Structures are given as C-alpha cells and as structure tokens.
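Numbering (the numbering used here), first residue to last: 4 to 63. Positions of the beta carbon are idealized from the N, C-alpha and C atoms, including for glycine. Quick caveat: nothing in here was measured; it's all calculated off a predicted structure. Scroll down for the structure; my scribbles are underneath it.
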Amino acid sequence: MATNTTTDWSDPVACPFCGAELTSPGAGFVDHIDDNADCEDGFEHWRANIAGDLAGEWTG
Ligand SMILES: [Zn+2]
C-alpha cells in the first residue's frame with residue numbers, strides 16, 4: 004500500500020493512489036481504478052470525503 008495519504012492531483016496523468024501512469028487524465032483513471040481495487044477503494048474514500056465536505060448527493 005502507498006504511504007502517501009495526501010491526495011494531490013497535481014499530476015493528472017498519474018494515479019494519485021499508486022502513482023501509475025494513466026493512458027489519459029479522465030477516462031484513463033476510470034479504467035485504471037476499474038482494474039485496481041486498491042485504487043478504487045482509495046478513490047471511493049476520497050470521493051466520500053469530498054461529498055461530506057460539500058454535503059453533496061453522491062450515491063453508490
Ligand atoms: Zn492506481
């Protein structure tokens with residue numbers, strides 16, 4: 004597991020969770036987390052935090 008807990012999207016062509024290079028900034032990341040459960044889990048937590056901050060309507 005990565006020890007980097009500061010999710011920093013300064014490099015949009017690399018996965019912020021494992022550092023893997025993505026094929027493209029947007030869709031490439033979706034494909035990436037589709038293939039990497041650990042990264043998907045990290046993304047879900049990240050998204051949940053954002054949703055909590057904004058009191059948004061993220062579901063799933
Ligand atoms: Zn990753």
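Helix, strand or coil at residue i [DSSP, three-state]
i   : result
A23 : coil
N39 : coil
G29 : coil
CB of residue i within 8 Å of CB of residue j, strictly
i   : j   : result
H48 : C42 : no
A23 : A30 : no
Closest by C-alpha distance to residue i, when choosing among the options
i   : options               : result
F20 : G31, F46 and G29      : F46
N39 : A51, G55, N52 and L25 : L25
According to DSSP, residues forming a beta bridge with residue i
i  : result
A2 : Residue 2 lies beyond the range of the chain shown here (4 to 63); nothing can be said about it.
Closer than 7 Å: residue i CB and nearest ligand 3 heavy atom
i   : result
N52 : Of the ligands one can find in the structure shown, namely ligand 1, none is ligand 3.
For this session: When you get a sec, list the residues whose CB is within less than 6 Å of any heavy atom of ligand 1, chain order please.
Result: C18, F20, C21, A23, H35, N39 and C42
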